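Undergrad:
Protein chains: 2
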Amino acid sequence: MKIELRQAADMLSAADHILILMHHFPDGDTVGSAYALGRALQQHGKHVQMGCSHAIPARYGYITETVQPETFEPSLIVAVDVADAPLLGETYKDIVPDLVIDHHGSNTLYGRRTYVDSDAAANCEIIYRLIHLLNLPIDRQIAAALYTGISTDTGCFKFTNTTPETHRIAAELMAMEIDFGTINRIMFDTKTKSRVLLERLALDHMQFFCGDRCAMITVTTQMCRQTGATSDDLEGITALPRQIEGVVIGITIRQREPELFKISVRTHEPVSASEFCAAFGGGGHIRAAGCEIRGSLERVTELLASRAAEYLEK
Amino acid sequence: MKIELRQAADMLSAADHILILMHHFPDGDTVGSAYALGRALQQHGKHVQMGCSHAIPARYGYITETVQPETFEPSLIVAVDVADAPLLGETYKDIVPDLVIDHHGSNTLYGRRTYVDSDAAANCEIIYRLIHLLNLPIDRQIAAALYTGISTDTGCFKFTNTTPETHRIAAELMAMEIDFGTINRIMFDTKTKSRVLLERLALDHMQFFCGDRCAMITVTTQMCRQTGATSDDLEGITALPRQIEGVVIGITIRQREPELFKISVRTHEPVSASEFCAAFGGGGHIRAAGCEIRGSLERVTELLASRAAEYLEK
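Quick mapping for you: the protein sequence lines, in order, are chains A and B. My numbering numbers the first residue of the first sequence as 1 and each following residue consecutively. My numbering numbers the first residue of the second sequence as 315 and each following residue consecutively.
(1) Any Cβ of chain B within less than 9 angstroms of the Cβ of P164/A?
(2) Rounded to whole angstroms, what is the Cα-Cα separation between I178/A and S465/B?
(3) Please confirm if Q521/B has its CB atom under 9 angstroms from at least one CB of chain A.
(4) Bridge partners of V315/A, per DSSP?
(5) Note the first and the last residue of the continuous alpha helix (DSSP H) segment covering M501/B.
(6) Measuring only the C-alpha atoms, how far is R129/A from A489/B?
(7) Could you check whether the Cβ of Q243/A sits closer than 9 angstroms to any Cβ belonging to chain B?
(8) For S545/B, tell me which candidate among L448/B, L512/B and D518/B has the shortest Cα-Cα distance.
(9) On the DSSP bridge list, what partners appear for E571/B?
(10) Distance, Cα to Cα, D665/B vs R556/B?
(11) Apart from the five residues just before and just after A85/A, which ones in its own chain have a Cβ nearer than 6 angstroms to its Cβ?
(12) Can you tell me which of the three DSSP states Q68/A falls into?
(13) Look at G32/A and A122/A and say whether their C-beta atoms are less than 9 angstroms apart.
(14) Quick test of the definition: if touching needs 3 or more C-beta pairs under 8 angstroms, does the segment 140 to 154 of chain A touch the segment 15 to 23 of chain A?
(15) Looking at V26/A: is its Cβ nearer than 9 angstroms to the Cβ of P69/A?
(16) Reducing DSSP to helix, strand and coil, say where K507/B ends up.
(17) Taking the C-alpha atoms as reference points, what is the distance between A170/A and R570/B?
(18) L99/A bridges to which residues according to DSSP?
(19) Rounded to whole angstroms, what is the Cα-Cα separation between L5/A and F157/A?
(20) Would you mind reading off the limits of the alpha helix (DSSP H) that contains G463/B?
(21) Are at least three pairs of beta-carbons, each pair with one atom in the segment 214 to 229 of chain A and one in the segment 582 to 594 of chain B, less than 8 angstroms apart?
(22) Got a sec: is the Cβ-Cβ distance from T635/B to anything in chain A below 9 angstroms?
(23) State yes or no: is the beta carbon of R427/B nearer than 9 angstroms to at least one beta carbon in chain A?
(24) Which chain A residues sit within Cβ distance under 8 angstroms of F590/B?
(25) Excluding the five sequence neighbours on either side, which residues of its own chain have a C-beta within less than 7 angstroms of the C-beta of C291/A, listed in chain order?
(26) Return the first residue and the last residue of the alpha helix (DSSP H) that C214/A is part of.
(27) Below 9 angstroms on C-beta distance, what does M174/A contact in chain B?
(28) Determine the extent of the alpha helix (DSSP H) in which I445/B is found, giving its start and end residues.
(29) Short of 6 angstroms in beta carbon distance, which residues of its chain neighbour A108/A, apart from the five on each side in sequence? Order them along the chain.
(30) For V362/B, which residues does DSSP report across the bridge?
(31) If we cut at 9 angstroms on Cβ distances, does R527/B have a partner in chain A?
(32) Taking its Cβ as the centre, do 16 or more other Cβ atoms sit within 10 Å of H167/A, making it buried, or is it exposed?
(33) Report yes or no: is there a C-beta of chain A within less than 9 angstroms of the C-beta of D518/B?
(34) With DSSP run on the structure shown, which of helix, strand or coil describes F209/A?
(35) Rounded to the nearest angstrom, what separates T252/A and G403/B at their Cα positions?
(36) In chain order, what residues of the same chain have a beta carbon less than 7 angstroms from the beta carbon of A322/B, not counting five sequence neighbours either side?
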């Protein structure tokens, strides 16, 4: 059942022992949402417990340290920034949350009560409003957690989901003198050595097709082994080929098994990534889509290059 | 002579033929400042001329096309975002502007009258206030120009010069429905093919020292020739080594002549880049400094690595 934010606030006010759930593979927005809300409630005298199926990456340590760990049987279970039950991950996927607070238009309404605002660039924008509705103070730690969610979900205010409201909230949070410079450095300007070594190998194997309008990089299991790169290190690597001036189809080939490859396609106008991938049984969004192809790397590369040629000749 | 912004507005109101000067090697902030102010004045019936010692890069085309070119003998010369006369560049360096509007604390007061606000993250923040003081409307084109200056000078709101006021102004400008997504993509997520090829070569030659606390890349003249990279393509490449997790000294070696190298040093706490470079007769800021060293590349690399070891052992 969909509810208003005021009703969500009332549910939180009425409860004393609250479990807050994040999505698996936790990111800045789910972590920021959970800990900002958790800290606001805990400082108000509520008992709060945090739940996530995966360990929260160390770079969010300045957020996770702001809530005191507690153990108890919860009377209210809240999920934040979680669009669907399976995204709660292994440990929590069978729980039906009493309350879901989310900003994904695709939310499946899997909770008992759900507040969704798909205009919010980050779920942390909703949590900001919720804490105000609850009449709870926003201290520096809460401000830093909320800022982190907003900053990471908008690519530091770069992406088109950013709204004037996003900037207005950021202005309010910054007035709390948070160390946003360090936060942004950690989130955007820090790479592991493995990531840098992997990028180097991937760039070494970059290929250009169709008069440089299509660029392709390949990440093999051998390359990951060689550099010690984990799936965490691969995040965002699919953005590389499309960044190049003039490229309208950027393709990233990732080896899953010796003869199975996961393909990520990122495009610029007028190329439809989902149309491109549909030819291989895949799909997605207009500028970001994917598919899987079986075969040797040579064969897969060939298939993709000829699909690009076919598409760009149209 | 230092003046208030109100007086700057009065000077502009009193003049009819205005030449607006930018700094050489023009960036988003000087271009955005000049054209936003120029368009606001021109739409108000003033005659406006733009001056820059260098050609304005094509990526700012959506800004430069918004002012109609005019030729005349100016009655008022204004410089925007220009900290010192030599920065006006070859064509304009001997002119003494009647009015300078700037956000650099280091402004040398080389103009007849100067308004400086060093708290402004971007000069475009000042121009935004100035246009309001002049009671002129901000249309979509002016908003896009101002947003560009603010976004580029703050690394898209990432750097510590960003203030709550920066975000508040961005919110106002975005309300004009500017295409900020495309602006940010052009400014931050577009690389030339030469740049990508050069990065690949530079990463290929990346070396680590002192247990990975020092990282070093080298850009030789041969590498620039091979990839077709120009000095424009090298912008920001010095950020690469310091981005790596754990690295506190990031060094970029650029070959100037066969046996002359320009060294850029970027550090994290607690290393002082200027102290590091002082040993080689260079200097700069605490986190960004530089020097020049003569010798073979092998010798220069050795000298820098042993300086790093010496520094990190302290």
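Even glycine gets a Cβ: it sits at the ideal position worked out from N, Cα and C. As the structure is a computational prediction, the values presented were derived from the model and not from experiment.
TA: The relevant details are as follows:
(1) Output row for P164/A: interface = yes.
(2) Each residue's alpha carbon lies about 20 angstroms from the other.
(3) It does not; no Cβ of chain A falls within 9 angstroms.
(4) The shown model of chain A, from 1 to 314, leaves out residue 315/A, and the question about it has no answer.
(5) M501/B -> alpha helix (DSSP H) spans F494 to F502.
(6) So the two alpha carbons sit approximately 20 angstroms from each other.
(7) Cβ-Cβ to chain B under 9 angstroms: yes for Q243/A.
(8) Of the candidates L448/B, L512/B and D518/B, the one whose C-alpha sits nearest the C-alpha of S545/B is L512/B.
(9) Among the bridge pairs identified by DSSP, E571/B is matched with L574/B.
(10) It is not possible to answer for residue 665/B, since the shown part of chain B is limited to 315 through 628.
(11) Excluding sequence neighbours, A85/A sits near K93 and Y110.
(12) In the structure shown, the three-state DSSP call for Q68/A is coil.
(13) Their beta carbons are under 9 angstroms apart, which means G32/A touches A122/A by this criterion.
(14) By the Cβ criterion, the segment 140 to 154 of chain A is not in contact with the segment 15 to 23 of chain A, since fewer than three pairs of Cβ atoms, one from each stretch, lie closer than 8 angstroms.
(15) Residue identity check: residue 26/A is Pro in the sequence provided, not Val. No.
(16) Helix.
(17) Going from the Cα of A170/A to the Cα of R570/B covers about 43 angstroms.
(18) DSSP output for L99/A lists V78/A and R113/A as bridge partner(s).
(19) Roughly 25 angstroms separates the two Cα atoms.
(20) R454 to D467 is the extent of the alpha helix (DSSP H) around G463/B.
(21) Touching, no, given that fewer than three Cβ pairs across the two stretches are closer than 8 angstroms.
(22) Nothing about residue 635/B can be reported from this structure: the residues present for chain B run from 315 to 628 only.
(23) No, R427/B lies away from the interface with chain A (no Cβ there is under 9 angstroms from its Cβ).
(24) Per Cβ cutoff of 8 angstroms: no residues; F590/B is ~20 angstroms from chain A at best.
(25) I263, C277, F280, G281 and G282.
(26) Here C214/A belongs to no alpha helix (DSSP H); instead the beta strand (DSSP E) covers C214 to V219.
(27) What M174/A touches in chain B: T476, T477, P478, T480 and H481.
(28) N437 to L447 is the span of the alpha helix (DSSP H), which, as asked, contains I445/B.
(29) Looking at the sequence provided, one finds Thr at residue 108/A rather than Ala. Excluding residues within five positions, the ones whose Cβ falls inside 6 angstroms are D84.
(30) Per DSSP, I332/B.
(31) Proximity of R527/B to chain A, defined by a Cβ-Cβ separation below 9 angstroms, is not satisfied.
(32) Per the 10 Å Cβ criterion, buried.
(33) Chain A, which has a Cβ nearer than 9 angstroms to the Cβ of D518/B, makes this yes.
(34) DSSP places F209/A in strand when its eight states are reduced to three.
(35) As the crow flies, the alpha-carbon of T252/A is around 43 angstroms from that of G403/B.
(36) Counting only Cβ-Cβ distances below 7 angstroms, and skipping sequence neighbours, we find L413, I415, Y429 and L444.
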